[in-house]
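Report on one structure; see the data block that follows.
Number of protein chains: 4
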Amino acid sequence: MFDEKNAASGFSGTLKSGVRPALLVVDYQRAFTEPALSPLASECEAQLVATNRLIDAMRDLGPVVFTAAGYDANGSDIGVWKQKNGVLATLKRGSAHCEIDPRLHVDPAKDLLLLKTQASAFFGTPLPALLASWHVDMLVVAGTTTSGCVRASVVDAIQFGFAPFVVEEAVCDRSEAQHASNLIDMQSKYAEVVKLGAMLDILEPLHARSPASAF
Amino acid sequence: MFDEKNAASGFSGTLKSGVRPALLVVDYQRAFTEPALSPLASECEAQLVATNRLIDAMRDLGPVVFTAAGYDANGSDIGVWKQKNGVLATLKRGSAHCEIDPRLHVDPAKDLLLLKTQASAFFGTPLPALLASWHVDMLVVAGTTTSGCVRASVVDAIQFGFAPFVVEEAVCDRSEAQHASNLIDMQSKYAEVVKLGAMLDILEPLHARSPASAF
Amino acid sequence: MFDEKNAASGFSGTLKSGVRPALLVVDYQRAFTEPALSPLASECEAQLVATNRLIDAMRDLGPVVFTAAGYDANGSDIGVWKQKNGVLATLKRGSAHCEIDPRLHVDPAKDLLLLKTQASAFFGTPLPALLASWHVDMLVVAGTTTSGCVRASVVDAIQFGFAPFVVEEAVCDRSEAQHASNLIDMQSKYAEVVKLGAMLDILEPLHARSPASAF
Amino acid sequence: MFDEKNAASGFSGTLKSGVRPALLVVDYQRAFTEPALSPLASECEAQLVATNRLIDAMRDLGPVVFTAAGYDANGSDIGVWKQKNGVLATLKRGSAHCEIDPRLHVDPAKDLLLLKTQASAFFGTPLPALLASWHVDMLVVAGTTTSGCVRASVVDAIQFGFAPFVVEEAVCDRSEAQHASNLIDMQSKYAEVVKLGAMLDILEPLHARSPASAF
């Protein structure tokens, strides 16, 4: 996962890990995780297991944010994307398609669910403001798809000032080739792409710090 | 409603009216319109009547967008505003506090309802993108409060490239003094503050044009 | 500076002061500070003196950001504001109109100058991202005009997650009435409006903390 | 350039071409176009020739916008990206590294130059507001790099409501593999990737329409 020309150009430095993490789980909603429900889905059982490891590790450390794409039943809020991706109109807010996959360890009393309408979790949502108000300095990223909403969210994360750490085992795509290619781009320019074990090793010692103030 | 010093400074020009209008109705949700329900409310019967005149005039002309402020029951998405305005935590999404006032002529099959968390209707919502995708060139504004979410939305409207027309009889505030002062600021720098009759006279002839393509 | 109806509504809480401050100095550029140069200006000698007290207090504590409004000589980037405020076209980038007032204690080796095109210092600039990357938790605000770019920036500050502290002696307006009215709105809903002495008392003890990491 | 799994999922529809185009030329500044000047550059003579064909075709049709990445000499505005891409600090505003390549047909009397600090041309700039104020309905895209600032700008274009048309011969990357992979992603989800000849065929008939009002 290394692009030699970019390294020669002075890209591919290393983001410092932080001490005030947040976890962003992108679009693990049933339309993307249940092939029986929607053509948008892909098999992601292993990735959900890895994501649960991250969720569990984040408890008492910092906020966990889930996003789901969802639209008004009248379709008025899809925007230009409707022409390109007509299937998005099936993601009606309030329907099963927009429910977070029940295999994930969501805690409704603490976690934040953000509904979004475009690719990036930062677009048309209060996410950048909330991360700033929490003084987050490391954004751990899981979700789907690697080449779509994950990539778009990761680019925005570093643009908005939050160092993204993409956990390889916790992101998923319908296409293996695009999955691999987007990991290269993200590692070259925008993020640290890390293994689950390495991420857990970064998070674990943070529990010894004074607990994060409730957000 | 005129600030002589600003006029002498070269402010207070006149925005051209457009031919592709949208109507923005800010926060006429029950918490702000029913004094029996919430301390946030003020009497606004006359303003709702005026707003309905605008809604009716917009049918077949362009999109009608309603906003409501609303938060997760766990309070995780209020941000720094929670410290300043603790009462906002009462605006739980899905509760009566966030329902659009039933006196308004909402058409769920066509209209867009945007939930927002901050003052501006443009902040943390897809509104700027949707207005751009509809090629809106005149944003008619109604809502509450004049000194709060209306003013914040109007400033963002012109910043995002959409000429705002604030209809005086259709905006409302808890304080008469702040209502009047904010109309002066908006007229001086950011918007046309117009009478309901004048706005209806602008909208009426647009019906003779070819109908706006469905959005 | 108190709005009783808002207090009764549960607004007008108190923002906590922070430990990682930044100072935002809005549009103290020569076109707004030299009446001999531009009709946009007002007398603000006292406000500049107060602002220098803040700048001096911030040295070694955190970033100091100056904004100036400025446009391409061909006028292509003013947007809809051109219709409302034609005089803005005089603010050509690179001209004397856009220079920060030389009375201010700018340190080019450390400070950030942001050129902006709209009212809010957060609009169309990387300011929200930079404040997030510095983990700012208190935004001290000076500048002009209170009813224009200061108010717009303060509303955006709290929306973007940064608690704004407006220093009364360091903000300026062409109109006394609008100055006073906007301080009421900001104190009621969006900010702490504080006296210069009180702000210096908040900043002074922060020097005893470990120095802020260079940004 | 086709991703079968995405097509089966209902992605890969077709964006309608518009009648109010703008041309966005991303980062064809000397640091990216002159290998003798910077390790960031790649050979792009053919792409610049194609871009000039687009610029010439756009004259009297609509706005042409050039972006360049550039930073304060003191490095205060790079944000988190500084850690990942240290080489960006060489792009000092006002230096040769930030000048638009002189081979391009820039018209300073009409064109807009936007300085940006992050990957997307829409991030921290007034671009979305200006495109909205011009009522743009088709954004023609040229520039570099395909996998970096072009991709980031294209994703934001459709998010902000402007249908992006990426001209294959006019975009450039240091890596052939990443260039190809990103064209697939853009065509699948966010844009029309079109040949130069096809784009010119779309633009040419628009000259017969009444001329676009000056912006």
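Chains as they are written, first to last, in this note's numbering: chain P, 79 to 293; chain L, 79 to 293; chain U, 79 to 293; chain D, 79 to 293.
The beta carbon of each residue, even a glycine, is placed where N, CA and C say it ideally should be.
The model shown is predicted, which means the values in this text are computed figures rather than measured ones.
Nearest-angstrom beta carbon gap, S225(D) and H257(D) [assumed within contact, 8 angstroms]: 6 angstroms
Extent of the continuous alpha helix (DSSP H) run through G221(L): Looking at the DSSP string, G221(L) is not in any alpha helix (DSSP H); the run it does join, the beta strand (DSSP E), is 216-222.
Paired residues, beta bridge with V103(D) - DSSP: F144(D), A220(D)
Helix, strand or coil at L191(L) [DSSP, three-state]: strand
Any C-beta of chain P under 8 angstroms from that of P283(L): no
Against chain L: residues of the stretch 222-242 of chain D by CB proximity under 7 angstroms: Q237, F238, G239, F240
Test: F144(L) CB closer than 8 angstroms to a CB of chain U: no
The stretch 157-172 of chain L: positions lying closer than 7 angstroms to chain U by Cβ: G157, V158, W159, Q161, K162, N163, G164, V165
Helix, strand or coil at A235(D) according to DSSP, with G and I counted as helix: helix
Euclidean distance between Cα positions of M79(P) and P180(P): Per-residue confidence for M79(P) stands at a pLDDT of 47, beneath the threshold of 50, marking its modelled position as unreliable; no derived number is given.
Chain-ordered chain D contacts of D155(U) [CB-CB under 7 angstroms]: L190, P204, L208
Residues, ordered as in the chain, of the stretch 259-271 of chain P that lie near chain D by beta-carbon distance below 9 angstroms: S259, N260, I262, D263, S266, K267, Y268, A269, E270
Chain-ordered chain D contacts of S211(L) [CB-CB under 7 angstroms]: G239
Endpoints, the alpha helix (DSSP H) within which A255(L) is located: 254-263
Through-space distance from T195(L) to L205(P), alpha-carbon basis: 11 angstroms
For S291(U), the three-state DSSP class (helix, strand or coil): For S291(U), the predicted structure reports a pLDDT of 48, less than 50, and the residue's modelled location is therefore unreliable. A value from the coordinates is still provided. Coil.
Buried/exposed call for G275(L), threshold 16 Cβ in 10 Å: exposed
Closest Cα partner of A119(P) within the set I236(P), D279(P), G221(P), S266(P): G221(P)
Nearest-angstrom Cβ-Cβ length linking L139(D) and P186(D), presumed shorter than 8 angstroms: That pair is no contact at about 18 angstroms.
Span of the alpha helix (DSSP H) around E123(L): 123-136
Chain P within 8 angstroms of D279(L), Cβ atoms only: no
Outcome for K267(D) when other beta-carbon atoms lying within 10 angstroms are tallied against a minimum of 16: buried
Cα-Cα separation, F201(L) to E123(L): 27 angstroms
Under 7 angstroms from the C-beta of Q107(P): neighbouring residues of chain L: Residues of chain L passing the Cβ test: none, with the nearest at roughly 17 angstroms.
Neighbour list for A187(L) in chain P, Cβ cutoff strictly below 9 angstroms: A151, N152
Spatial distance of D279(U) from A286(U) (CA atoms): 13 angstroms
Through-space distance from A210(U) to F77(L), alpha-carbon basis: This structure cannot speak to residue 77(L), because chain L is shown only from 79 to 293.
Cβ pair L217(U), L102(U) closer than 8 angstroms: yes
8 angstroms Cβ cutoff, P141(L) in contact with chain P: yes
Three-state secondary structure assigned by DSSP to K160(U): helix
Beta-carbon proximity check, G239(U) vs V158(L), cutoff 8 angstroms: yes
Contact set between L118(U) and chain L, taken where Cβ atoms lie within less than 9 angstroms: S87, G88, F89
Residue-level contact to chain P via CB, D215(U), 8 angstroms cutoff: yes
7 angstroms Cβ cut-off: residues of chain D touching A197(P): V233, Q237
Residues near V104(U) by beta carbon distance below 6 angstroms, same chain, minus five either side: T145, A199, G221, C227, V228, S231
Terminal residues of the alpha helix (DSSP H) in which F110(U) lies: 108-111
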